[in-house]
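Numbering (our numbering), first residue to last: 2 to 68.
In this text, a Cβ means the ideal position worked out from N, Cα and C, and glycines have one as well.
Single-structure report; data block below.
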């Protein structure tokens, strides 16, 4: 996602990737605290629930682009 936003220039890619990763983890932590209101859902679970379909779409697109 960071490469899509910045392009191939590593001077911009590395800081954007770090900030984007921190923001995604923070949002997943907040969502995990709000979804299961009396309890708490681990941020890793929320990241996996969001990241797995995203990764599957990337693999699916890459599989058919090369064919």
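Can you tell me which of the three DSSP states residue i falls into?
i, result
"residue 8", "coil"
"residue 44", "helix"
"residue 37", "coil"
"residue 60", "helix"
"residue 2", "coil"
What whole-angstrom Cβ distance do residue i and residue j have, given they're in contact under 8 Å?
i, j, result
"residue 43", "residue 33", "6 Å"
"residue 21", "residue 3", "5 Å"
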